[in-house]
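Once you know that position 377 of the sequence shown is 392 in the numbering used here, the rest is easy, because the numbers rise by one and skip nothing.
Heads up, the thing below is written out as structure tokens.
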Amino acid sequence: MKWTLSLTLLAGLWLAGCAAPPGPATPERDVSTATPTRAEPRGAQRMPDALPPVRITELRGNHVAALETPADLWERIRRGYAMPDLQDELVQRHEQWYSTRPDYIERMVERSRLYLFHVVEELELRGMPTELALLPYIESAFNPQAVSSAKAAGMWQFMPGTGRDFQLTQNILRDDRRDVLDSTRAALDYLQKLHDMFGDWHLALAAYNWGQGNVKRAIERNQAAGLGTGYLDLKMPAETRNYVPKLQAVKNIIAQPQRHGAVLPLIENHPFFDTVDIKHDIDVDVAARLAQVRLEDFKALNPSQRKPVIFAAGTPQVLLPWNNAALFQQALAKADPGTLSSWTAWVAPQNLPSREVASRFGMDESDLREINNLPHGVVIKSGSTVLVRRANGSATAVASHVVNNAQLAYAPEIVLRRTRVRARKGDTIASVAARYDLPAATVAGWNGTQAGARLKPGQSVVMFLPVRASSAAARESADSPRSARADRSPGKTKAKARAAGGAKQAAAPTRAARGGKAAAAAPGKGGRKARR
């Protein structure tokens, strides 16, 4: 009994020592060597599984994070300003330009409220200056459908080649340069890469606008001349010279709107949209209906789609207004997958006229041409991806390799007409065939004779020629009897010249016919115009 009581007492004393709070610690004090607050009884042994003392350290930082939440997104952007201000006369000029156009600012801001929160979030996650969230105001006025004269597209204005460098897919079904998430990811990747290259945000922005190679060469020229290498020191095009001052002007107006007489529409500090995964192909209008949003609002959040259908293999998620995402998920879960899409992508196994493709899928040719942006009377080339009607009830998703590599190529359809041409003096089947760039054996087969068979002057030869070429050949044949009579007259030299000219005119379109697109081109200048 005494033994049990002793053990209980020792255990109580040990637990009391562990539970007692330590004395106040300072940065210089090492708790592991400090005198215990409560002494252990003499002879008591430390439990073998006791934890080692906790070492207390002090975290130091250059600034203290604000505890209060920003009142709106503008305040959040102001807190993240980290780029040095650019002092230049052009900044004041652009401040004046924006300040005198409040309607323009209002339109830009209204458009940006869909995307700005996401851009700010991504910048903060990467530790990048939040001024960069204002760059799409300069690039595109936050219009994802904007296209420049140089073919740059999207709110970040990616050129086709640069977009491909940053994994932005561009094909007949979608253009990810316009995609809100993908284009923002690519733009911030690119800007960070340029900053790492030049070590200066102003130079990085100049390179984003002008090209990194041009900025690098401008710096090298100034270095060789013993000149400065900052943004204001370099010689650059007017567009690039105004690029950073425009951004600085917008930054200044956001920082102090009252000073510039500006009123910023409220953009609240919370997400505008949410992402929702899709597993089946779905028509754009069906998705908008299930989400209970207007079609134009759905397209504004999903601007990369170039067709009236979204293929899940290439676009596995859609963006929806925050309050509509749950509604869409619930409606999608109840929907029959076979009713979600009325379109599918089909790859042509061989060259086929557009009318045959339309017939194969029970479509009017005009509908096929409209949905695929095809001109009249073309042959769709083998390997091309064409949008066609989906079979009723089919829920099969189009494969990823199809939707991610979809391209469409076509050529004018060559319509042949049975035509008779007249042989000239000394002609053979082979020489007539050569005049129209056709195989001699083919022409011989059309006429039931041999390729080397000789022909009498004026003898009729059956040919199958493209429509325009056959018309020219018919005109030549009509002139042949007069030409034959002229050969026996004193003026035969002049007549031969006219006949030779007619032969060249007839031969020109036929040679073009073997070249694909130019097959239906008219002779002379008209043919060159058709090829353009």
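Glycine residues also receive a C-beta, built at the ideal position from the N, C-alpha and C atoms.
For Tyr425, the enclosing beta strand (DSSP E) starts and ends at Tyr425 to Pro427. For Arg193 against Gly169, the beta-carbon gap comes to about 4 Å, under 8 Å, which counts as contact. Within the DSSP secondary-structure output, Phe288 pairs in a beta bridge with Pro336. According to DSSP, residue pairing for Asp298 in a beta bridge involves Val324. Runs of beta strand (DSSP E) with 3 or more residues, each lying fully within the stretch 434-475, are absent. Between the stretch 315-335 and the stretch 265-274 there are fewer than three inter-stretch CB-CB distances shorter than 8 Å, so the stretches are not counted as touching.
If you compare the alpha carbons of Asp190, Thr290, Arg433 and Arg450 with that of Trp461, the shortest gap goes to Arg433. Note that the C-beta distance between Ala363 and Ser409 is not below 8 Å. Contact annotation: Ala202 and Trp225 have beta-carbon atoms that are not nearer than 8 Å.
Judged by their CB atoms, Ala424 and Ala360 are not nearer to each other than the 8 Å cut-off. Shown here for Pro331: same chain residues with a beta carbon closer than 7 Å to its own, the five before and five after excluded, namely Asp292 and Ile293 in chain order. Here Ala360 carries a strand assignment [DSSP, helix/strand/coil]. Met98 sits in coil when the DSSP states are folded into three classes, being neither helix nor strand. One Cα belongs to Leu101, the other to Pro336, and the distance between them is close to 37 Å.
Assignment of beta strand (DSSP E) within the stretch 218-299, counting only whole runs of 3 or more residues, yields 288-292 in chain order. The beta carbon of Lys471 is closer than 8 Å to those of Ala438 in its chain, skipping five residues each way along the sequence. By the Cβ rule, the stretch 224-238 does not count as touching the stretch 181-198, because fewer than three pairs are nearer than 8 Å. Distance from the CA of Arg179 to the CA of Phe313, rounded to the nearest whole angstrom, comes to 26 Å. Cβ contact annotation for Thr464 (same chain, cutoff 7 Å, sequence separation greater than five): Ile444, in chain order.
Assignment of Pro117 by DSSP, reduced to helix, strand and coil, places it in the helix class. Annotation: the continuous alpha helix (DSSP H) that includes Thr199 extends over Val195 to Phe213. Out of Ala455, Asn186 and Ala341, the CA that lies nearest to the CA of Asp442 is found in Ala455. Annotation: the continuous alpha helix (DSSP H) that includes Ile386 extends over Glu380 to Asn387.
Contact annotation: Val106 and Ala264 have beta-carbon atoms nearer than 8 Å. Counting C-beta pairs closer than 8 Å gives fewer than three between the stretch 294-310 and the stretch 385-403, which falls short of the contact rule. With respect to Val418, Val436 sits apart: the two C-beta atoms are not nearer than 8 Å. In this structure, the straight-line span from the alpha carbon of Val301 to that of Asn339 is close to 14 Å.
Secondary structure note for Arg404: its beta strand (DSSP E) is the uninterrupted segment Thr400 to Arg404. Of the candidates Tyr130, Ile187, Leu140 and Arg122, Tyr130 places its Cα closest to the Cα of Pro159. Residue state for Val393 is assigned as strand, using DSSP reduced to three classes. When the five nearest sequence neighbours on each side are left out, the beta carbons in the same chain lying within less than 6 Å of the beta carbon of Leu279 are those of Trp89 and Pro272, in order along the chain.
Looking from the CA of Leu402, the closest CA among Leu140, Phe173, Leu383 and Asp215 belongs to Leu383. If only complete runs of 4 or more residues are kept, the stretch 138-181 shows the alpha helix (DSSP H) at 150-154 and 175-180, in order along the chain. Residue pairing of Phe479 in beta bridges, as defined by DSSP: Arg433. The bridge partners DSSP lists for Arg189 are Gln320.
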